[in-house]
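Take the sequence shown: its position 112, counting from 1, is numbered 120 in our numbering, and each next residue is one higher.
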Amino acid sequence: MTAVAAEVPLVLDSVLEKLSTDLGDHDGSMRRRFITNYVELWEHRYGRVSGAVLARDAEDAMDAILSLKISSSMVGAGRLGRMAEHFEGLVQGQLFDAAATLLDDLRACGMSTTAQLRNYHLAQ
Numbered sequence: 009m010t011a012v013a014a015e016v017p018l019v020l021d022s023v024l025e026k027l028s029t030d031l032g033d034h035d036g037s038m039r040r041r042f043i044t045n046y047v048e049l050w051e052h053r054y055g056r057v058s059g060a061v062l063a064r065d066a067e068d069a070m071d072a073i074l075s076l077k078i079s080s081s082m083v084g085a086g087r088l089g090r091m092a093e094h095f096e097g098l099v100q101g102q103l104f105d106a107a108a109t110l111l112d113d114l115r116a117c118g119m120s121t122t123a124q125l126r127n128y129h130l131a132q
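Okay, here's the thing in structure tokens:
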């Protein structure tokens, strides 16, 4: 994991609060549905990123990374979003070997993030 990403919290509660406000979500049901969808799609998103990076497919990798970055930003997954930004730079620079060495870190961060979202934010 990059040092910069490690400084960012796994989940930014303020983003989730803003999401609820923006959605007019008074009972939290819309926020929970959004988080549930994000958590359920994590394995698919990771698979797309890792597959494209390992295949050295810049176009597919960029599409998968941007999907991960944007969805992470929307759900408040700060650290995972920051890691996606780092992957974006690596892929833009055609640094697939460097990106491949960070795939385990990306997976671990994603698993920790989804666990926190599931255990804390979906339990509310």
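Note that CB positions come from ideal geometry on N, CA and C, so glycine has one too.
Host alpha helix (DSSP H) of Val-83 (start-end): 66-83
Answer yes or no: do Val-57 and Phe-95 have a C-beta to C-beta separation smaller than 8 angstroms? Cβ distance < 8 angstroms, so Val-57 and Phe-95 count as in contact.
Starting from Asn-45, trace the alpha helix (DSSP H) in both directions and tell me its first and last residue. 37-62
Where does Leu-88 sit, in a helix, a strand or coil, going by DSSP? helix
Assuming Gly-101 is part of the alpha helix (DSSP H), what are its boundary residues? Counting along the chain, Gly-101 falls outside any alpha helix (DSSP H), and DSSP gives it neither H nor E.
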